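Top line first, the protein sequences correspond to chains E and P. Those letters in the first sequence? Residues 610 to 753, per this note's numbering, in order. Those letters in the second sequence? Residues 48 to 365, per this note's numbering, in order.
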Amino acid sequence: MKVREIMTKDLTAVEKDIPVRELIFILNNAEMPNVPVVDEEGRLSGFISEKDLIRAALPGYFEMLHSTSFIPDMNQLAKKLAQIADEPIERFVRTTVLSVTLDDDDLQAADLIIRKGVKNLPVVDEDGRLVGRVRRIDLLRHLL
Amino acid sequence: MIVTMTLNPAVDKMYWVEGLKVCDTTQEEFLTRASRSTTAAGGKGVNISVFLSRMGMESVAMGLVGGHTGHVVVRDLRDEGVTTNFVWTHGETRVNVTLLQEGREHIPNLINESGQTIRPEEIDRLLRRYKRMLNRASWVVLGGSIPPGVDIGVYGEMARMAKDAGAKVILSTGGEALTHALGACPYIVKPDTREHMTLEGKGLHTVETIVEAGKHVIACGAEIVIISHDVTGDIAITRDDVWEIKASTPTTKLKNLVGADDVFLGGILYKLAQAAPVEDALVFGLAAGLASAESDEKICRDMDVIMDEMKDITVERL
Numbered sequence: 610m611k612v613r614e615i616m617t618k619d620l621t622a623v624e625k626d627i628p629v630r631e632l633i634f635i636l637n638n639a640e641m642p643n644v645p646v647v648d649e650e651g652r653l654s655g656f657i658s659e660k661d662l663i664r665a666a667l668p669g670y671f672e673m674l675h676s677t678s679f680i681p682d683m684n685q686l687a688k689k690l691a692q693i694a695d696e697p698i699e700r701f702v703r704t705t706v707l708s709v710t711l712d713d714d715d716l717q718a719a720d721l722i723i724r725k726g727v728k729n730l731p732v733v734d735e736d737g738r739l740v741g742r743v744r745r746i747d748l749l750r751h752l753l
Numbered sequence: 048m049i050v051t052m053t054l055n056p057a058v059d060k061m062y063w064v065e066g067l068k069v070c071d072t073t074q075e076e077f078l079t080r081a082s083r084s085t086t087a088a089g090g091k092g093v094n095i096s097v098f099l100s101r102m103g104m105e106s107v108a109m110g111l112v113g114g115h116t117g118h119v120v121v122r123d124l125r126d127e128g129v130t131t132n133f134v135w136t137h138g139e140t141r142v143n144v145t146l147l148q149e150g151r152e153h154i155p156n157l158i159n160e161s162g163q164t165i166r167p168e169e170i171d172r173l174l175r176r177y178k179r180m181l182n183r184a185s186w187v188v189l190g191g192s193i194p195p196g197v198d199i200g201v202y203g204e205m206a207r208m209a210k211d212a213g214a215k216v217i218l219s220t221g222g223e224a225l226t227h228a229l230g231a232c233p234y235i236v237k238p239d240t241r242e243h244m245t246l247e248g249k250g251l252h253t254v255e256t257i258v259e260a261g262k263h264v265i266a267c268g269a270e271i272v273i274i275s276h277d278v279t280g281d282i283a284i285t286r287d288d289v290w291e292i293k294a295s296t297p298t299t300k301l302k303n304l305v306g307a308d309d310v311f312l313g314g315i316l317y318k319l320a321q322a323a324p325v326e327d328a329l330v331f332g333l334a335a336g337l338a339s340a341e342s343d344e345k346i347c348r349d350m351d352v353i354m355d356e357m358k359d360i361t362v363e364r365l
């Protein structure tokens, strides 16, 4: 089966100049764990997730730790998040983006999702413009 | 690509009842049980996108949605195979209720909410996303009411943006919103006359007044103006012609008028997008609208039924 037959046809995306606060609003209301970043032509240029925001709001040494018990309290996280809330998301966007095309096989999408441990993949057309996304649940739904 | 814009979408809740009473005293039976009910995404652009999808034609539905009911709208559209591109708001998408009395379905009772109040940053976000979509659009449908908080001139602005991007605009709204947008010269204008049978303040009660009002809109720059004459008939005015499209269907056969007018417009767009002549598009549109109105389901999905309806439609040059 082709990606075009199983994908969720939704174009929810953000531009890299929107503030962190707006991104959190969109992720929360659209109930998406991550969102593609597009340019003014609608071409996929990046990707940003809840995880990227948490990472951005945590102290720099956090990546080296194996437990959150080293964080003294949530205030520290809240304070850092408040500091970046009005900053454009550009600094936190991942520009190396995994994606699939409309005519890729479902197996290719499944392979990427499993190997890279992502929840969904943006789908692009031949011009690199966003046309939807394949979620893990889309694959499961169509396999059953 | 076809883009439909619904600034004020809705969850259309329909109830079929045996009878409906408004109680005057506490002693009266105040419970009305619905014999049937349906829930579906609604709003002009939304209905047109659903119809096009059922006919196998791709479109992108855009607009403003919020809250739990916003998710109902988006979910329903996705289930219908429509591509969605909505901006999320702080409010809650409205619910429109239709009460249909069994056996008298051709006279529906509608309760429409005015819709959530939109914040300036929400409409700005939508305009930015809309501009991005116009890069791929050949047709744009701007339809329905304008929610509180949004400038009445928004359809005019959107129509200008679409024209600048090379897309043809279909505008279907009423009252002041329509008057403000006419200056942007949409390709097709379909006034929503459900609340007021007027266009730019002028009455639309006779064929003569309809033609006169339509010609005025054509002089403003539109290419086609379509005005409902009655439930089963419309008048279309173009630069060169005036057409009357009529169906012989008795109104008592109509079971569900909600969304039928949007399907009419969707049918016209379906044909024009395939470069069909205007008169063919008008006949197909009316047939699709009637096929929807004659079934319990809000939007017709059966091409054979539409083709059958076309046999009862006449189109005449006035």
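All C-beta atoms, glycine included, are put in the ideal place defined by N, C-alpha and C. Here the structure is a predicted model, which means the values were calculated and not measured.
Quick one: grab the DSSP three-state call for residue i.
| i | result |
| --- | --- |
| residue 200 (chain P) | coil |
| residue 691 (chain E) | helix |
| residue 182 (chain P) | coil |
| residue 171 (chain P) | helix |
| residue 356 (chain P) | helix |
| residue 228 (chain P) | helix |
| residue 143 (chain P) | strand |
| residue 363 (chain P) | strand |
| residue 749 (chain E) | helix |
| residue 698 (chain E) | helix |
| residue 330 (chain P) | helix |
| residue 707 (chain E) | coil |
| residue 187 (chain P) | strand |
| residue 59 (chain P) | strand |
| residue 250 (chain P) | strand |
| residue 119 (chain P) | helix |
| residue 304 (chain P) | coil |
Could you give the residue range of the alpha helix (DSSP H) that holds residue i?
| i | result |
| --- | --- |
| residue 256 (chain P) | 254-266 |
| residue 100 (chain P) | 91-101 |
| residue 660 (chain E) | 659-666 |
| residue 631 (chain E) | 629-638 |
| residue 615 (chain E) | 612-615 |
| residue 315 (chain P) | 307-319 |
Could you give the first and the last residue of the continuous beta strand (DSSP E) run that contains residue i?
| i | result |
| --- | --- |
| residue 127 (chain P) | Counting along the chain, residue 127 (chain P) falls outside any beta strand (DSSP E), and DSSP gives it neither H nor E. |
| residue 723 (chain E) | Element bounds for residue 723 (chain E): not the beta strand (DSSP E) but the alpha helix (DSSP H), 715-725. |
| residue 744 (chain E) | 739-744 |
| residue 283 (chain P) | 280-285 |
| residue 275 (chain P) | 271-277 |
| residue 218 (chain P) | 215-219 |
| residue 731 (chain E) | 729-733 |
Looking at the strands, I want to know which residues DSSP matches up with residue i.
| i | result |
| --- | --- |
| residue 109 (chain P) | P:52 and P:132 |
| residue 148 (chain P) | P:64 |
| residue 655 (chain E) | E:646 |
| residue 297 (chain P) | Residue 297 (chain P) pairs with nothing; no bridge assigned. |
| residue 619 (chain E) | P:131 |
| residue 291 (chain P) | P:282 and P:363 |
| residue 159 (chain P) | P:143 |
| residue 236 (chain P) | P:218 and P:272 |
| residue 87 (chain P) | P:59 |
| residue 81 (chain P) | P:64 |
Applying the 10 Å Cβ sphere with the 16-neighbour rule, what's the burial state of residue i?
| i | result |
| --- | --- |
| residue 746 (chain E) | exposed |
| residue 133 (chain P) | buried |
| residue 151 (chain P) | exposed |
| residue 108 (chain P) | buried |
| residue 638 (chain E) | buried |
| residue 53 (chain P) | buried |
| residue 69 (chain P) | exposed |
| residue 365 (chain P) | exposed |
| residue 194 (chain P) | buried |
| residue 716 (chain E) | exposed |
| residue 303 (chain P) | buried |
| residue 61 (chain P) | buried |
| residue 205 (chain P) | buried |
| residue 752 (chain E) | exposed |
| residue 227 (chain P) | buried |
| residue 266 (chain P) | exposed |
Residues of chain E with a CB under 8 Å from the CB of residue i: which are they?
| i | result |
| --- | --- |
| residue 130 (chain P) | 618, 619, 620, 740 and 741 |
| residue 179 (chain P) | 647, 649, 650 and 651 |
| residue 107 (chain P) | 620 |
Quick one: list the residues of chain P neighbouring residue i, beta-carbon separation under 7 Å, in chain order.
| i | result |
| --- | --- |
| residue 719 (chain E) | Ordered by position in chain P, no residue passes the 7 Å Cβ test against residue 719 (chain E), which lies about 21 Å from the chain. |
List, in order along the chain, the chain E residues whose C-beta lies closer than 7 Å to that of residue i?
| i | result |
| --- | --- |
| residue 182 (chain P) | 650 and 651 |
| residue 119 (chain P) | In chain order: nothing, as chain E lies at least about 13 Å away. |
Report the neighbours of residue i on chain E: residues whose CB is nearer than 9 Å to its CB, in chain order.
| i | result |
| --- | --- |
| residue 135 (chain P) | 621, 634, 635, 637, 638 and 639 |
| residue 125 (chain P) | 617, 618 and 619 |
For residue i, is the beta carbon positioned less than 7 Å from some heavy atom of the ligand SAH?
| i | result |
| --- | --- |
| residue 192 (chain P) | This structure lacks the ligand SAH, and indeed carries no ligand of any kind. |
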